[in-house]
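Undergrad:
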Amino acid sequence: MRVSKWQATEACRQRSPKKWAILLLSCALGAATINLLSYYSLPSLLMSISDCMTILFNGGSGTLPIPSPWDDAGHDRNASYWLEEFHGTLATMQSVFWNGSYWPTTIQWIGAVMDTLLAAADRSFIDALECSRNASDSVTAALQASEIKKYFHEIEAYYGNEDVIQIFDAAYDDAQWVVLEWLEAIKFINQYDDYVQSSLGQADVARFAHRAHIFYNIVQDQFDTSLCGGGITWNPALATYKNAITNELFLASSIAMYLFYPGDPLSDPYPSPAYANATNTTLPDLPALAAHDPLLLRNAIEEYQWFKTHNFTNAQGQIVDGFHISDNQTTCNERNEMVYTYNQGVLLSGLRGLWDATGKKSYLDDGHAFISTTINATGWNDRSSVAHHWAGLGRNGIMEDYCDAPANCSQDNLIFKGIYFHHLHLFCELLPTRTPLVAGLTELASAELATSHSRKCASYLPWIEHNAHAALATRDDSGIIGGWWGASYANKTQEAWPTWAPQKPHGSTDLRNEPWVLGQPPWTCQGRDGCHGSGRGGEGLGSNGKRIAGLFAHRRAARQRDVNDHGLGRTVETQASGLGVVKAASDFASRDGRHFHKSDPGLILAQRIEYEERTVAAKSLSTQDLKEAYFAIYDNTFLDVVGSNPTAEAVLSRRYKFAHEAPVYVPEQDAVYFTSNVLRDKDKHNPHIEITKASRRADGTWTCEKVDTDVSMGNGAINYCHQILFCAQGTKMHPGGIVVMDTKPPYKTKTLVDGYHGRLFNSVNDIVTHTDGSIWFTDPTYGFEQDFREKPKLPNQVYRFDPETGDIRVVADGFGMPNGLCFSPDEQTMYITDTDAVHPLASEIFDPTRVGTIYAFDVIKRHGSHFLTNRRVFAMADTWIPDGIKCDLQGNVYSGCGDGVNVWNAGGRLIGKIMIPSGSANFCFMRPGEILILSEEKVWVAKISDGVQGALLHNLGIEVKPKM
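So in full-length UniProt numbering, the last one in the sequence shown is 964, and the numbering has no gaps at all.
1. Would you kindly work out how many angstroms separate the C-alpha atoms of I885 and V901, rounded to a whole number?
2. Which of the three DSSP states, helix, strand or coil, is assigned to I691?
3. Taking only three categories from DSSP, how would you classify F57?
4. What does DSSP give as the partner residues of V768 in its beta bridges?
5. Do three or more CB pairs link the stretch 323-330 to the stretch 268-283 at distances below 8 Å?
6. Tell me the rounded alpha-carbon separation between residue 997 and G486.
7. Which parts of the stretch 131-214 are runs of the alpha helix (DSSP H), unbroken and 4 residues or longer, counting only runs that do not cross its ends?
8. To the nearest angstrom, report how far apart L679 and H685 are at their CA atoms.
9. Give the range of the alpha helix (DSSP H) segment to which D858 is assigned.
10. For M733, is the classification buried or exposed, using 16 other Cβ atoms within 10 angstroms of its Cβ as the cut-off for buried?
11. Would you grab the beta carbon distance between A203 and F312 for me? Rounded to a whole angstrom, and I think it's under 8 Å.
12. Let's see if you can read the secondary structure: which residues bound the beta strand (DSSP E) around D321?
13. Where does N228 land, buried or exposed, given buried means 16+ other C-beta within 10 angstroms?
14. Using a Cβ-Cβ cutoff of less than 6 Å, which residues in the same chain neighbour A468 once the five nearest sequence positions on both sides are dropped?
15. In the stretch 412-488, which residue ranges form an unbroken alpha helix (DSSP H) of at least 4 residues, counting only runs that do not cross its ends?
16. List the endpoints of the continuous alpha helix (DSSP H) containing A369.
17. Can you tell me where the alpha helix (DSSP H) holding Y304 begins and where it ends?
18. With the cut-off set at 8 Å, would you say P505 and V339 are in Cβ contact?
19. Which residues share a DSSP beta bridge with H722?
20. How should R697 be labelled, buried or exposed, when 16 other C-beta atoms within 10 angstroms of its C-beta is the threshold for buried?
21. Under the three-state reduction of DSSP, which class applies to N99: helix, strand or coil?
22. Please identify the residue among V838, Y241, Y304 and C721 whose C-alpha is closest to the C-alpha of D847.
23. Looking only at C-alpha atoms, which of L568, M257, I464 and T769 sits nearest to P406?
24. Does the count of Cβ pairs from the stretch 888-900 and the stretch 914-923 closer than 8 Å reach three?
25. Just to confirm before moving on: does the CB-CB distance between F588 and Y420 stay below 8 Å?
26. Pairing CB atoms from the stretch 760-774 with CB atoms from the stretch 723-742, are three or more of them under 8 Å?
27. Since F925 and L934 should fall inside the 8 Å C-beta cutoff, what is the C-beta to C-beta distance between them, to a whole number of angstroms?
28. Under three-state DSSP, which class holds Q797?
29. Would you identify the three-state DSSP class for S385, choosing helix, strand or coil?
30. Can you give me the Cβ contacts of A659 inside the same chain, cut-off strictly under 8 Å, excluding the 5 residues immediately before and after it?
31. At what residues does the alpha helix (DSSP H) containing S577 begin and finish?
32. Can you check whether the CB of A470 is closer than 8 Å to the CB of S488?
33. When you compare the CB positions of P795 and I775, do they come within less than 8 Å of one another, or not?
34. Could you pull out every residue in the same chain whose Cβ sits closer than 8 Å to the Cβ of E705, ignoring the five residues on either side in sequence?
35. Of all the beta strand (DSSP E) runs that stay within the bounds of the stretch 628-694, which reach a length of 3 or more residues?
36. Excluding the five sequence neighbours on either side, which residues of its own chain have a C-beta within less than 6 Å of the C-beta of N333, listed in chain order?
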């Protein structure tokens, strides 16, 4: 694999001597498929593996990517870096601008947005705490529960101090920011209480829901089909203007209410007890609105259908600001070509919610298309030699509004970019494939759809990081982020802004930054239909427009220390906007599993390990005290094995080593029989082995019971004629052998063979059958070494036994300790593990100079007998030894090793691992896509691709049906 100069520089630039894992992602951006590299410090990543569960998908070719010309190769890209920057950005916003009750320098609707970001930040911090609990990590220490509670108490404080009277009578877009604000707070409460099993904020849910209900009621019935065929007008105090943001918000707020609003029994219509006296207005009772009311879903669907068919996109695919209606017309025929960044983003969360509610893939396709358009419009893929080339929504890959470079942004416009990234993150949350977002209401994704969505969202990370780095680069000495993120890229000489000010689109009116236009046609009422001229929305230009105009009158025109001190300078809005993008970088970079764990229990990490990193990875992984399972991806083909949504869950546990060997799945019982490790009494006498039956209940949970049988020191086992064949290792008093056991009480047994022509077996270990009915098994001396068998009377060998004729033959020798064995799907190859590196009672249990190897043999037939020939090394375990071994129908070879189940392809190449805490000696395939894994004190069930099925049961003719 070629390594470019910038990759090598990045690896060396970080804190040496840390090594690196390269996560190779196959990503789709628009119609073009590209490969992206994300770099993470391997030790720091592995340090949190035990708690952090992330999933990244790889379907790429394995070649190096062609990075964007604006990709930040030299910047930090690891999740802990972004978490720290995210935390610091929020802390700065609150310490500098928050007065204990509200943000006094902002305006009402922006306050609602900032409160939304605060609640979303608390949700992200919960994810971070679930992801990493390393107490020595300063970032983790700063994110203790007290910190989360602190920000939540600020949300509670803002509830009591929000200027709801002013915003209640504002334009229709303003009301909907409040709806989203308090639904986000409810989402936080539910996530936090689920995480810590507390009742924090539950008393607030009702009042938060009531406020969301009140403000949604303002717009609930405003979708007007008499003008423009639908949509909601922006401001009823002005002439009809069906603009993008009001209607995107109606989509987003309607579907969010449908999904997250818990219901509200109150009929009080007033946003504040002081409202009636302050406005001299009496309101009718608030109409009842139940949780998940179908009306809410209908509103969202109807809104998007209208929006999509009304030509809101320009030639580049960017969403323009809105439509006027000419005199004597009822159709939207005068389009305002102005483009704002937040108009590109708010509908994304609405589209994601529509998918959750309906399962229609077209909503996700539309969302990804909008994202691709936006990224391209920032110049991310622009290879022009002109660094400051304007691409439509920015340059150099950095998002900009038209007002950023000339520094004439209104207070409103300063937060637009942060809004975009917040809704981008909501859109890119993982699709649930096992547990719906709302039981009985929302949909599940297919594995293919979940993979596609995840890959596309992963492809946005470098662009998000690029923008977050650009935003952070604008910080002043107080840590406050500026409004023009691209300044350090475009204006390196600090030249006058006209050099960099982009020309606004032809046919556009920049009403957000030139509010005086609202006092002129076509904005003024002038008796037009649907325009009140007074009441809700203010009068004419309105207080909001006058306020903005006044701020511009006081704009600092003189050149300050840097370009981000021009205009309104650095404000709480620019800081909040920066928070939006830095939070997105942190969320996308970590993509921690517990956040998605709520919808997909057991979702775990799938980690790509490149060839050059394997030595470091193997050493680091083997020394980790892992607490959770995850998948290590060594080759792209392993992705076909694990599928799009691999999970692993511990389903049974005991405080002794009850789950060691011999797992046998019995489909008709949906149960697995297995044996314990060697157990002894407290005085270390009476060595014995238990047999356990683990059964799956109808609800998917597991239970187990001890099997009372006379199998003597059972070890390996296999299905056999509706019974189970066990390797009975025997004791000093009772010889072992191959024993068949019934699968129903009283679990009667029968010994088929106990020695080789009068010489007792040592301690038969593992067993497999051939389709011709013969039984093949290994016989090492572990029983003697563990002091429960007499001195061996035979070499360490492999045998073939014919139960019909009683013939027994040695088929392979020359092993240190022959252990597991299995046939390839076509039975042309036999795999046998040699575990001579482990000797339980030796002074050093593990000897790395001895073999821990899988050998392959050709299975041939000569003169009516089977032989094993062409012995060759197939693979060596890099951690501990390969013990139990099995194949899937594709010919991949699985073996229980010291770090879990290792998987090789038929050519002996390690393609992946199912990493299990404490490792695994043995496992078995169950239903298609299921593996039960024994790990001494725990039993795990891994769910992988439904296309994976074990070869053993298939060759035995045992039907295994997938779960219905």
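Note that CB positions come from ideal geometry on N, CA and C, so glycine has one too.
TA: In terms of the structure at hand:
1. Here the question's residue 885 lines up with position 885 in the sequence shown. Here the question's residue 901 lines up with position 901 in the sequence shown. Per the coordinates, the alpha-carbon of I885 lies some 9 Å from the alpha-carbon of V901.
2. For the purposes of this step, residue 691 is taken as residue 691 along the sequence shown, with counting starting at 1. Strand.
3. On the sequence shown, residue 57 is found 57 positions in, with the first residue counted as 1. Confidence is the limiting factor: at F57 the pLDDT is only 34, short of 50, which leaves the residue's position unreliable and the question unanswerable from this model.
4. The residue given as residue 768 occupies position 768 in the sequence shown. DSSP, once it has assigned bridges, lists W776 as partnering V768.
5. Taking a cut-off of 8 Å on C-beta distances, the stretch 323-330 does not touch the stretch 268-283, as fewer than three cross pairs fall below it.
6. As displayed, the chain neither begins before 1 nor continues past 964, which places residue 997 out of reach and without an answer.
7. 138-142, 145-161, 164-168 and 172-196
8. In the sequence shown, the residue the question calls residue 679 occupies position 679. In the sequence shown, the residue the question calls residue 685 occupies position 685. If you draw a straight line from the Cα of L679 to the Cα of H685, it is about 9 Å long.
9. Here residue 858 is taken as the residue at index 858 of the sequence shown, counted from 1. Taken as a continuous stretch (DSSP letters only), D858 belongs to no alpha helix (DSSP H), being part of the beta strand (DSSP E) at T853 to R862.
10. Walking along the sequence shown from the start, residue 733 turns up at place 733. Burial check for M733: the Cβ neighbour count within 10 Å stays below 16, so the residue is exposed.
11. On the sequence shown, residue 203 is found 203 positions in, with the first residue counted as 1. On the sequence shown, residue 312 is found 312 positions in, with the first residue counted as 1. The distance from the Cβ of A203 to that of F312 is about 42 Å, inconsistent with a contact at the 8 Å cut-off.
12. Position 321 of the sequence shown, counting from 1, holds the residue named residue 321. Element bounds for D321: V320 to H324.
13. As a working note, residue 228 is residue 228 in the sequence shown. Correcting the residue identity first, residue 228 is Cys in this sequence and not Asn. Under this definition C228 is a buried residue.
14. Looking up residue 468 in the sequence shown gives position 468. Closer than 6 Å at Cβ, skipping near neighbours: V581, V582 and A585.
15. 416-427, 447-459 and 461-472
16. Locating residue 369 in the sequence shown gives position 369, counting from the first residue. K361 to A377 is the span of the alpha helix (DSSP H), which, as asked, contains A369.
17. If you number the sequence shown from 1, residue 304 lands on position 304. Residues P294 to K308.
18. Walking along the sequence shown from the start, residue 505 turns up at place 505. Walking along the sequence shown from the start, residue 339 turns up at place 339. Taking a C-beta distance under 8 Å as the contact criterion, P505 and V339 qualify as a contact pair.
19. Your numbering for residue 722 matches position 722 in the sequence shown. Answer is none; H722 lacks a bridge partner.
20. Counting from 1 along the sequence shown, the entry for residue 697 is found at position 697. Per the 10 Å Cβ criterion, exposed.
21. For the purposes of this step, residue 99 is taken as residue 99 along the sequence shown, with counting starting at 1. Coil.
22. Residue mapping note: residue 847 aligns to position 847 of the sequence shown, counting from 1. Between D847 and the set V838, Y241, Y304 and C721, the nearest pair of CA atoms involves V838.
23. Residue numbering aside, residue 406 sits at position 406 when the sequence shown is read from its first letter. Among L568, M257, I464 and T769, the Cα nearest to that of P406 is on L568.
24. yes
25. For the purposes of this step, residue 588 is identified with residue 588 of the sequence shown, where counting begins at 1. For the purposes of this step, residue 420 is identified with residue 420 of the sequence shown, where counting begins at 1. No, Cβ-Cβ distance for F588 and Y420 is not below 8 Å.
26. yes
27. Stepping through the sequence shown from its first residue, residue 925 is reached at position 925. Stepping through the sequence shown from its first residue, residue 934 is reached at position 934. Actually they do not touch by this definition, with Cβ atoms about 13 Å apart.
28. The sequence position of residue 797 within the sequence shown is 797, counting from 1. DSSP places Q797 in the strand class (E or B) of the three-state scheme.
29. By one-based count along the sequence shown, residue 385 stands at place 385. Note that S385 scores 47 on pLDDT, short of 50, meaning its location in the model is unreliable; the coordinates nonetheless yield the value given after this. S385 falls in the coil class under three-state DSSP.
30. Locating residue 659 in the sequence shown gives position 659, counting from the first residue. Within the same chain, A659 has close Cβ partners L652, F674, S676, T692, L934, S935, E936, E937, K938 and V939.
31. The residue given as residue 577 occupies position 577 in the sequence shown. Where S577 is concerned, the enclosing alpha helix (DSSP H) stretches over V572 to S590.
32. Taking the sequence shown and counting its residues from 1, the one referred to as residue 488 is at position 488. Taking the sequence shown and counting its residues from 1, the one referred to as residue 470 is at position 470. Taking 8 Å as the Cβ cut-off, S488 and A470 qualify as a contacting pair.
33. For the purposes of this step, residue 795 is identified with residue 795 of the sequence shown, where counting begins at 1. For the purposes of this step, residue 775 is identified with residue 775 of the sequence shown, where counting begins at 1. No, these two residues do not count as a Cβ contact at 8 Å.
34. The residue you call residue 705 lines up with position 705 of the sequence shown. T692, K693 and S695.
35. 630-633, 647-653, 661-666 and 671-675
36. For the purposes of this step, residue 333 is taken as the residue at position 333 of the sequence shown. Here the set comprises S326.
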